[in-house]
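**Q** Dumping the structure here so I can ask a few things about it.
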Amino acid sequence: MDSPLALYRRYRPETFAEVIGQEHVTEPLRAALAGNRVNHAYLFSGPRGCGKTTSARILARALNCEQAPVADPCGECDSCRDLARNGPGSIDVIEIDAASHGGVDDARDLREKAFFAPVRSRYKVYIIDEAHMVTTQGFNALLKLVEEPPPHLRFIFATTEPDKVIPTIRSRTHHYPFRLIPPRLLSSYLSELCDKEGVTIEPAALPLVVRAGAGSARDTLSVLDQLLGGAGPAGVTYDLASGLLGYTPDTLLDDVVDAFAAADGASVFGVVDKVIETGQDPRRFTEDLLRRLRDLVIVSAVPDAPATGLIDVSHDQGERLVAQAARFGRADLTRAADLVAAGLTEMRGATAPRLLLELICARVLLPSADHGTEGVLARLDRLERRMSIAAMPAESAAPAPAPAAAPTPEAASAPAPPVPEQRAPEPEPETAPEPETAPEPERTPEPERPTAAVPPEPQAAAPAAPEPPAPAAAPGALSLVDVRRLWPDVIAATQRKRRVTWIHLTQNSQVVGFDGTTLTLGFNNAGARGSFESGSVEVLQEAIREIVGAEWRIETILDPGAVSGGDAPPPPPEPAAPYAPAPPEPTETVLPPEPEPVAPRRPRMADIQAEAAEAHDPDAAVDRDDADVDAEAGAELLARELGAQVIEEIRHQ
Numbered sequence: 001m002d003s004p005l006a007l008y009r010r011y012r013p014e015t016f017a018e019v020i021g022q023e024h025v026t027e028p029l030r031a032a033l034a035g036n037r038v039n040h041a042y043l044f045s046g047p048r049g050c051g052k053t054t055s056a057r058i059l060a061r062a063l064n065c066e067q068a069p070v071a072d073p074c075g076e077c078d079s080c081r082d083l084a085r086n087g088p089g090s091i092d093v094i095e096i097d098a099a100s101h102g103g104v105d106d107a108r109d110l111r112e113k114a115f116f117a118p119v120r121s122r123y124k125v126y127i128i129d130e131a132h133m134v135t136t137q138g139f140n141a142l143l144k145l146v147e148e149p150p151p152h153l154r155f156i157f158a159t160t161e162p163d164k165v166i167p168t169i170r171s172r173t174h175h176y177p178f179r180l181i182p183p184r185l186l187s188s189y190l191s192e193l194c195d196k197e198g199v200t201i202e203p204a205a206l207p208l209v210v211r212a213g214a215g216s217a218r219d220t221l222s223v224l225d226q227l228l229g230g231a232g233p234a235g236v237t238y239d240l241a242s243g244l245l246g247y248t249p250d251t252l253l254d255d256v257v258d259a260f261a262a263a264d265g266a267s268v269f270g271v272v273d274k275v276i277e278t279g280q281d282p283r284r285f286t287e288d289l290l291r292r293l294r295d296l297v298i299v300s301a302v303p304d305a306p307a308t309g310l311i312d313v314s315h316d317q318g319e320r321l322v323a324q325a326a327r328f329g330r331a332d333l334t335r336a337a338d339l340v341a342a343g344l345t346e347m348r349g350a351t352a353p354r355l356l357l358e359l360i361c362a363r364v365l366l367p368s369a370d371h372g373t374e375g376v377l378a379r380l381d382r383l384e385r386r387m388s389i390a391a392m393p394a395e396s397a398a399p400a401p402a403p404a405a406a407p408t409p410e411a412a413s414a415p416a417p418p419v420p421e422q423r424a425p426e427p428e429p430e431t432a433p434e435p436e437t438a439p440e441p442e443r444t445p446e447p448e449r450p451t452a453a454v455p456p457e458p459q460a461a462a463p464a465a466p467e468p469p470a471p472a473a474a475p476g477a478l479s480l481v482d483v484r485r486l487w488p489d490v491i492a493a494t495q496r497k498r499r500v501t502w503i504h505l506t507q508n509s510q511v512v513g514f515d516g517t518t519l520t521l522g523f524n525n526a527g528a529r530g531s532f533e534s535g536s537v538e539v540l541q542e543a544i545r546e547i548v549g550a551e552w553r554i555e556t557i558l559d560p561g562a563v564s565g566g567d568a569p570p571p572p573p574e575p576a577a578p579y580a581p582a583p584p585e586p587t588e589t590v591l592p593p594e595p596e597p598v599a600p601r602r603p604r605m606a607d608i609q610a611e612a613a614e615a616h617d618p619d620a621a622v623d624r625d626d627a628d629v630d631a632e633a634g635a636e637l638l639a640r641e642l643g644a645q646v647i648e649e650i651r652h653q
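Mapping of the sequence shown onto UniProt numbering: position 63 corresponds to residue 63, and the numbering continues sequentially without gaps.
Take a look at the structure:
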């Protein structure tokens, strides 16, 4: 059994109505055919595979149709059947490939045969394909024939480069420029063809096929034919299309874009390594990344671009683009796209594409190293987003007084509330119980009555249930993704304050959760957790206030994924100790000196000597910090690995 014809040959249009994406050409031609106002010479120009030669054949069929003048060939007469999709062809319609027959001798031979009348049809039609390949001498030999042809002769020139056709020939033809087919129209056309072929195709795979065809109907059908030939029972899937066409999977693009948004260099370079290890082309990955950044720039400017069809993507991918664009600023996205575009230009012809790709990623991750306008705007964009995030907790706290205003209309009905308002400023007697030794019998009963009357009223109004909305707004204001995006800056701030805290945050812990007011850190071992709680919580809270501008409660847990089986017994007794100081944290913030006596640690001789040295030499504080780091890190190592406890050594002089 013979194999079927290629897809673009099986579905070649036979009428102007079947030609897609060229209505600006087909409609005037149909009007000219129906009105019998056909010219003697035409010039069809445009990109390859957009329908020039097919339209020339349809025009020849319509000219020689027995029902002419008619806009579309009937398909029933002998001429229409001979020039049909699978017809044998007509002796009166001659197709010439100018790439191999463009010399002056070929033009003279054509001129001699053109004066003979057609054999069976009304017109003798010459279709000269690749007309720009005809030499100047060949065009000059045809000039007189094209200018004044016999009545039975018609010329149709088809070319991709109309500028190479000499002006004397162009001036004697009707020029119809063809265009590339729009992606959305081509996608719907491919879906119809797949239905006719009985093969399913995933919506996410259609944009890849259209992109590979680059707007050419013939090239797109060739790509689809390849995918249909290799499709399995599931049809044409996204994985099949991306693998055969060599495009970067969306998962890798999503990973690298999310890493750029979070300024996570480890994840970015991990994606680059995965691209190389899987055998993908770094240039193609860079091109696909540039296309993704272009889509994000458009989505940032037009949030409903995926829904309106401004970007030809599937519904799921459109939602991902909207979510990713929200994590960037416009200046940051534009700068990243410019860097990737410039790097892609440098990558052409380079001997080390991976090195250039890594340099591109490093430039995108470091806007502070760019002192140009784009770098300054990117840094300003990040600062504005950070300030907006820091302002969210304050905005969420602003609605708190609203519930207090709500009971005022209820209290307005009774005139009694004004009296406690005058006595409200009398909390001074509460702060003056010390001098109450003399006037105890007189002042104690007076404040007791108003104080007993004043607290119940605000307490009754406070739990009136308007307070829950305030904390509900705070969690939505700042998400875990935002916290992780700001986390590197917080860690950098702790490094400047206390290096022990910085070591714990970079080596022993990670952000586990955030609910708007409480930040949860997971530690890989109990020793590191206890060391952190002994004096690093306040340092971290101070760094958060400096970077984020908010007050967060810090909680620590043991990360189950990092604790080995041997450490399973110790954790049960541990939670009681760390969670006990957690509730009284508000009192610790009110009374800062309390945490110091709680610490069971004895002063070390090295600390005493260091404090004495600091009084004479301010630089001694730096050395003391380093010594503290070494001592605490060593004690933590011994406690974690050997279960030992370091006893301070007192040296006698």
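All residues carry an ideal CB built from backbone N, CA and C; glycine is no exception.
#1: Output yes or no for whether 8 Å exceeds the beta carbon distance between arginine 85 and arginine 12.
#2: From glutamate 346 to serine 300, what distance separates their C-alpha atoms?
#3: Quick check on residue 712: buried or exposed, where buried means 16 or more other Cβ atoms within 10 Å of its Cβ?
#4: Between which two residues does the beta strand (DSSP E) carrying aspartate 304 extend?
#5: Straight-line CA distance for alanine 307 to leucine 480?
#6: By Cβ distance below 7 Å, which residues in the same chain neighbour valine 297 in space, the five residues on each side in sequence not counted?
#7: Which whole-angstrom value is the C-beta distance of leucine 206 and leucine 227, which I expect to be below 8 Å?
#8: Starting from leucine 529, trace the alpha helix (DSSP H) in both directions and tell me its first and last residue.
#9: Where do the N-terminal and C-terminal ends of the alpha helix (DSSP H) with glycine 21 fall, by residue?
#10: Between the region 209-217 and the region 186-201, are three or more C-beta pairs nearer than 8 Å?
#11: With DSSP as the reference, label aspartate 559 as helix, strand or coil.
#12: Are there 16 or more other CB atoms within 10 angstroms of the CB of residue 712, so buried, or fewer, so exposed?
#13: Would you mind sorting arginine 120 into buried or exposed? The rule is 16 or more other CB atoms within 10 Å of its CB.
#14: Using the C-alpha atoms, what's the distance from aspartate 72 back to alanine 17?
#15: So what's arginine 37 in DSSP terms, helix, strand or just coil?
#16: Name the residue from Arg108, Arg122 and Glu546 whose alpha carbon lies nearest to the alpha carbon of cysteine 80.
#17: Under the rule that 16 or more other beta-carbon atoms within 10 Å means buried, what is glutamate 410, buried or exposed?
#18: Determine the direct distance from the alpha carbon of leucine 365 to that of proline 427, and round the result to whole angstroms.
#19: Is the distance from the Cβ of leucine 290 to the Cβ of alanine 341 below 8 Å?
#20: For a test of the three-state rule: what should DSSP assign to alanine 117, helix, strand or coil?
#21: Excluding the five sequence neighbours on either side, which residues of its own chain have a C-beta within less than 8 Å of the C-beta of proline 455, listed in chain order?
#22: Alpha carbon to alpha carbon, how far is valine 257 from proline 282? Give it in angstroms, no decimals.
#23: Leaving out the 5 sequence neighbours to the left and right, which residues in its chain are closer than 7 Å to arginine 9 when beta-carbon positions are compared?
#24: Can you give me the C-alpha to C-alpha distance between isoleucine 491 and arginine 485, rounded to a whole angstrom?
#25: Suppose the cutoff is 8 Å on Cβ atoms and the five residues either side in sequence are ignored; what does the same chain contact list for lysine 497 look like?
#26: Helix, strand or coil for arginine 10? Go by DSSP, reduced to three states.
#27: In angstroms, rounded to a whole number, what distance separates the CA positions of threonine 15 and alanine 266?
#28: Expressed to the nearest angstrom, what Euclidean distance is found between the alpha-carbon atoms of tyrosine 126 and serine 191?
#29: Cβ of aspartate 195 within 8 Å of Cβ of alanine 158?
#30: Do glutamate 533 and threonine 518 have their beta-carbon atoms positioned less than 8 Å apart in this structure?
#31: Out of Val146, Gly309 and Val313, state which residue places its alpha-carbon closest to the alpha-carbon of aspartate 250.
#32: So, under 8 Å CB-CB, isoleucine 554 and alanine 493 are touching, yes? Tell me the CB distance rounded to an integer number of Å.
#33: Using only CA atoms, which one of Gly51, Arg48 and Leu59 lies nearest to alanine 41?
#34: For aspartate 623, count neighbouring Cβ atoms within 10 angstroms of its own Cβ and tell me buried if that reaches 16, exposed if not.
#35: Looking only at its own chain, which residues have a Cβ that is under 6 Å from the Cβ of phenylalanine 514, when we skip the five neighbours before and after it?
#36: By the 10 Å Cβ neighbour count, where 16 or more other Cβ atoms means buried, how is aspartate 264 classified, buried or exposed?
**A** By the coordinates alone:
#1: Position 85 of the sequence shown, counted from the start, is the residue given in the question as residue 85. Position 12 of the sequence shown, counted from the start, is the residue given in the question as residue 12. Yes, they are a contact pair.
#2: Taking the first residue of the sequence shown as position 1, residue 346 is located at position 346. Taking the first residue of the sequence shown as position 1, residue 300 is located at position 300. If I take the Cα positions, the gap works out to 27 Å.
#3: Residue 712 is absent from the structure shown; the chain starts at 1 and stops at 653.
#4: Along the sequence shown, read from residue 1 onward, the residue named residue 304 stands at position 304. Unbroken run through aspartate 304: none, as it is neither H nor E.
#5: Indexing the sequence shown from 1 puts residue 307 at position 307. Indexing the sequence shown from 1 puts residue 480 at position 480. Going from the Cα of alanine 307 to the Cα of leucine 480 covers about 28 Å.
#6: As a working note, residue 297 is residue 297 in the sequence shown. Answer for valine 297: Leu333, Thr334 and Ala337, listed in chain order.
#7: As a working note, residue 206 is residue 206 in the sequence shown. As a working note, residue 227 is residue 227 in the sequence shown. That belief does not hold up - the Cβ atoms of leucine 206 and leucine 227 are roughly 11 Å apart, past 8 Å.
#8: Reading the sequence shown from its first residue, position 529 is the one you call residue 529. Here the sequence assigns arginine to residue 529, which means leucine is not the residue at that position. Looking at the DSSP string, the run of the alpha helix (DSSP H) that includes arginine 529 is 526-535.
#9: One-based indexing of the sequence shown puts residue 21 at position 21. Boundaries for glycine 21: no alpha helix (DSSP H) harbours it, and the DSSP string shows neither H nor E there.
#10: Cβ pair count under 8 Å is three or more, so yes.
#11: Here residue 559 refers to the residue found at position 559 when the sequence shown is read from its first residue. For aspartate 559, the secondary structure class from DSSP, reduced to helix, strand or coil, is coil.
#12: With the chain covering 1 to 653 only, the question about residue 712 has no answer from this structure.
#13: For the purposes of this step, residue 120 is taken as residue 120 along the sequence shown, with counting starting at 1. Residue environment: arginine 120 is assigned as exposed (fewer than 16 neighbouring CB atoms within 10 Å of its CB, all protein chains considered).
#14: Stepping through the sequence shown from its first residue, residue 17 is reached at position 17. Stepping through the sequence shown from its first residue, residue 72 is reached at position 72. The alpha-carbon atoms of alanine 17 and aspartate 72 are separated by roughly 8 Å.
#15: Here residue 37 refers to the residue found at position 37 of the sequence shown. The answer is coil: DSSP assigns arginine 37 none of H, G, I, E or B.
#16: Looking up residue 80 in the sequence shown gives position 80. For cysteine 80, the nearest C-alpha among the options comes from Arg122.
#17: If you number the sequence shown from 1, residue 410 lands on position 410. Any reading at glutamate 410 must be qualified, since the residue scores a pLDDT of 42, below 50, and its modelled position is unreliable; the value itself is stated next. Residue burial annotation: glutamate 410 is exposed, with fewer than 16 other C-beta atoms found within 10 angstroms of its C-beta.
#18: Within the sequence shown, numbered from 1, the residue matching residue 427 stands at position 427. Within the sequence shown, numbered from 1, the residue matching residue 365 stands at position 365. Note that proline 427 has pLDDT 44, beneath the 50 cutoff, so the model's placement of it is unreliable and no number is given.
#19: Translated into the one-based positions of the sequence shown, residue 290 becomes position 290. Translated into the one-based positions of the sequence shown, residue 341 becomes position 341. In contact: leucine 290 and alanine 341 (Cβ atoms closer than 8 Å).
#20: In the sequence shown, counting from the first residue as 1, residue 117 sits at position 117. DSSP places alanine 117 outside both helix and strand once states are collapsed to three, so it counts as coil.
#21: Here residue 455 corresponds to residue number 455 of the sequence shown, with the count starting at 1. The pLDDT assigned to proline 455 is 42, lower than 50, so where the model puts this residue is not dependable; a value taken from the coordinates is nonetheless given after this. Counting only Cβ-Cβ distances below 8 Å, and skipping sequence neighbours, we find nothing.
#22: Along the sequence shown, one-based indexing puts residue 282 at 282. Along the sequence shown, one-based indexing puts residue 257 at 257. Approximately 16 Å, taken between the alpha carbons.
#23: The residue you call residue 9 lines up with position 9 of the sequence shown. Apart from sequence neighbours up to five positions away, no residue of its chain approaches arginine 9 with a beta-carbon distance below 7 Å.
#24: Sequence index remark: in the sequence shown, residue 491 carries index 491 (1-based). Sequence index remark: in the sequence shown, residue 485 carries index 485 (1-based). Going from the Cα of isoleucine 491 to the Cα of arginine 485 covers about 11 Å.
#25: Looking up residue 497 in the sequence shown gives position 497. So the qualifying residues of the chain are Val539, Glu542 and Ala543.
#26: The residue labelled residue 10 in the question sits at position 10 within the sequence shown. Arginine 10: helix per DSSP, three-state reduction.
#27: In the sequence shown, residue 15 corresponds to position 15, counting from 1. In the sequence shown, residue 266 corresponds to position 266, counting from 1. Taking C-alpha positions only, threonine 15 is separated from alanine 266 by approximately 58 Å.
#28: The residue you call residue 126 lines up with position 126 of the sequence shown. The residue you call residue 191 lines up with position 191 of the sequence shown. Taken atom to atom, the span from the alpha-carbon of tyrosine 126 to that of serine 191 is near 35 Å.
#29: Counted from its first residue, the sequence shown places residue 195 at position 195. Counted from its first residue, the sequence shown places residue 158 at position 158. In terms of Cβ geometry, aspartate 195 and alanine 158 do not form a close pair [threshold 8 Å].
#30: Along the sequence shown, read from residue 1 onward, the residue named residue 518 stands at position 518. Along the sequence shown, read from residue 1 onward, the residue named residue 533 stands at position 533. Cβ atoms of threonine 518 and glutamate 533: not closer than 8 Å.
#31: Sequence index remark: in the sequence shown, residue 250 carries index 250 (1-based). When only C-alpha atoms are compared, the closest one is Val313.
#32: Taking the first residue of the sequence shown as position 1, residue 554 is located at position 554. Taking the first residue of the sequence shown as position 1, residue 493 is located at position 493. At roughly 14 Å, the Cβ-Cβ gap does not stay under 8 Å, so isoleucine 554 and alanine 493 are not in contact.
#33: Reading the sequence shown from its first residue, position 41 is the one you call residue 41. Taking only the C-alpha atoms, the option nearest alanine 41 is Leu59.
#34: Here residue 623 refers to the residue found at position 623 of the sequence shown. Below a pLDDT of 50, predicted positions are generally treated as unreliable, and aspartate 623, at 44, falls in that range; no measurement from the model is reported.
#35: In the sequence shown, counting from the first residue as 1, residue 514 sits at position 514. Only Leu480 and Val483 meet the Cβ criterion.
#36: Translated into positions along the sequence shown, residue 264 becomes position 264. By the Cβ neighbour-count rule, aspartate 264 is buried, with 16 or more other Cβ atoms within 10 Å of its own.
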